[in-house]
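Visitor: Under the numbering used here, the residues of the sequence shown are numbered 103 to 186, in order.
Backbone N, C-alpha and C define an ideal beta-carbon position, used for all residues, glycine too.
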Amino acid sequence: MDVPQESGTLFVFWRFDTFARRFSRHAFQVLDIMEQTSRMFLLSGQRFMALVQSDDPDLAFDPVGARPVLLNPTEHLRKMLPAQ
């Protein structure tokens, strides 16, 4: 994604599940920091976005910033269906 610097910042985390398995407490803290930073950016009219990719459909976290971690609906539905 192309995000002009004057309008915000974008972070992309690939294979976050690998990091989360090894450093679960730190993984949650990273997500919490990203959420807090997003709120701070909004106060100045900028956007801060963090995209987190995981190869593990069972990866789950407690809510960050008093908000639940949202799953991609397609992947979440696939998690709920029986394996084929």
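Measure the C-alpha to C-alpha separation of Met151 and Asn174 and round it to an integer number of angstroms.
Guide: About 15 Å.
Visitor: Between which residues of its own chain and Ala129 is the CB-CB distance below 8 Å, once the five residues before and five after are set aside?
Guide: Answer for Ala129: Phe118, Phe121, Ala122, Phe163, listed in chain order.
Visitor: Between the beta-carbon of Gly110 and the beta-carbon of Glu137, is there less than 8 Å?
Guide: No, Cβ-Cβ distance for Gly110 and Glu137 is not below 8 Å.
Visitor: Helix, strand or coil for Phe143, going by three-state DSSP, please let me know.
Guide: Residue state, collapsed to three classes: helix.
Visitor: Enumerate in chain order the residues of its own chain whose CB-to-CB distance from Leu133 is below 8 Å, with the five nearest sequence positions on each side excluded.
Guide: Taken in chain order, the residues that qualify are Ala152, Val154, Phe163, Val166, Val171.
Visitor: By a C-beta neighbour count over all protein chains shown, 10 Å radius and 16 as the cutoff for buried, is Ser156 buried or exposed?
Guide: Buried, since its Cβ has 16 or more Cβ neighbours within 10 Å.
Visitor: Using the C-alpha atoms, what's the distance from Phe125 back to Arg149?
Guide: Taking the straight line from one Cα to the other gives about 27 Å.
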